[in-house]
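Q: Structure below; questions to follow.
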Amino acid sequence: MPEETTTRVRPGGPRRPRTRRNGVTTQELMRERLIESRLTPNAISLTGFVLNVAAAVLIVERLFFLAGIAFIVGSVMDTLDGRYSRMSGKGTAFGAFLDSTLDRMEEGIVLIAVGAYFASRHNEVAAAATVAAVLGSLMVSYTRARAEALGVAGMAKVGLANRAVRVVILSAGLVFAKGASLGHFELLAPAVYVLAGLTAFTVIQRILYVRRQLNQSPRM
């Protein structure tokens, strides 16, 4: 049967036509295939976790370029599990909890490996900055979770060092670390310094935002 194309017009310009086959859109077909598959969002989350653990091991072995690639791919998996959960309809409350928990563990494991590397090189300043980055990353996540539990909305947009920004900074530091075979760069220590500073600043931003929002809300 030939495909028929439907076009819906919306204010501000035409919408792209959606291809239909037997009255079913491509998006609906994709969703049906995802539902029928055995892949689960939890499997994607666990795969991302394993890749981040592999990145930490590679850091200890000083294979920074490979560690950066593993960290990037693992972080991409972390973004895919949520989208897959929504598209396939296989998401569960426990899956969301597991995803958030593994995200925090992954970042901490990789940064701890970075800190161990600096400690082995007797770079106390960078090692201390890594500890600060670990604490800052955890507090960025905690302030959002606690604020949302108190009914404060919009926390995802507050502050500079959200999860995506932290991943980009640390990925650049790993890929362009000394000995990563991409030229004479040494960006791992600067990346950690930036992470420590940005996460601390973001925590302060979120504390002030929550204070302002709670002061504006009617008292119980």
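Heads up, the sequence shown is in our numbering, so the first residue is 1031 and it goes up one at a time. Cβ coordinates follow ideal geometry from the N, Cα and C atoms, glycine included. The structure displayed is predicted, hence computed values, not measured ones.
1. Along the alpha helix (DSSP H) that carries Glu-1198, what are the first and last residues, could you check?
2. Can you check which of these residues, Asn-1072, Arg-1092, Ser-1118, Gly-1209, is closest to Asp-1108 by C-alpha distance?
3. Going straight from the alpha carbon of Pro-1044 to that of Phe-1094, what length do you get?
4. Spatial neighbours of Gly-1125 within its chain, please: C-beta separation below 7 Å, excluding the five flanking residues on both sides.
5. If distances are taken between C-alpha atoms only, which option among Ala-1207, Val-1090, Tyr-1223 comes closest to Glu-1216?
6. Is the Cβ-Cβ distance between Ser-1150 and Arg-1196 less than 8 Å?
7. State buried or exposed for Ile-1089, treating a residue as buried only when at least 16 other CB atoms are found within 10 Å of its CB.
8. How many angstroms separate the CA atom of Ser-1130 from the CA atom of Asn-1153?
9. Please classify Met-1135: is it buried, with 16 or more other beta-carbons within 10 angstroms of its beta-carbon, or exposed?
10. Pull up the distance between the alpha-carbon of Asp-1133 and that of Phe-1079, whole angstroms please.
11. Taking C-beta to C-beta, are Val-1144 and Thr-1160 nearer than 8 Å?
12. Taking a contact to mean a Cβ-Cβ separation below 8 Å, would you say Ala-1162 touches Ala-1221 in this structure?
13. Quick one, are the C-beta atoms of Leu-1110 and Ile-1074 less than 8 Å apart?
14. If you run the structure through DSSP and keep just helix, strand and coil, what is Glu-1154?
15. Where does Lys-1187 fall in DSSP's three states?
A: A quick look at the data gives this:
1. It should be pointed out that residue 1198 corresponds to Val in this sequence rather than to Glu. Element bounds for Val-1198: 1193 to 1205.
2. Of the listed residues, the one whose Cα sits closest to Asp-1108 is Asn-1072.
3. Residue placement at Pro-1044 cannot be trusted, given a pLDDT of 48 that sits under 50; the coordinates are not used to answer.
4. Around Gly-1125: Pro-1071, Asn-1072, Ser-1115.
5. Selected option, being the one with the closest Cα: Ala-1207.
6. If you check the CB distance, Ser-1150 and Arg-1196 do not come in under 8 Å.
7. Buried, by the Cβ-count rule.
8. Cα to Cα, the separation comes out at about 32 Å.
9. Exposed: under 16 other Cβ atoms inside 10 Å.
10. Rounded to the nearest angstrom, the two C-alpha atoms are 8 Å apart.
11. Yes.
12. One thing to note: Ala-1162 has its Cβ no nearer than 8 Å to the Cβ of Ala-1221.
13. In contact: Leu-1110 and Ile-1074 (Cβ atoms closer than 8 Å).
14. DSSP places Glu-1154 in helix when its eight states are reduced to three.
15. Reduced to three states, the DSSP call for Lys-1187 is helix.
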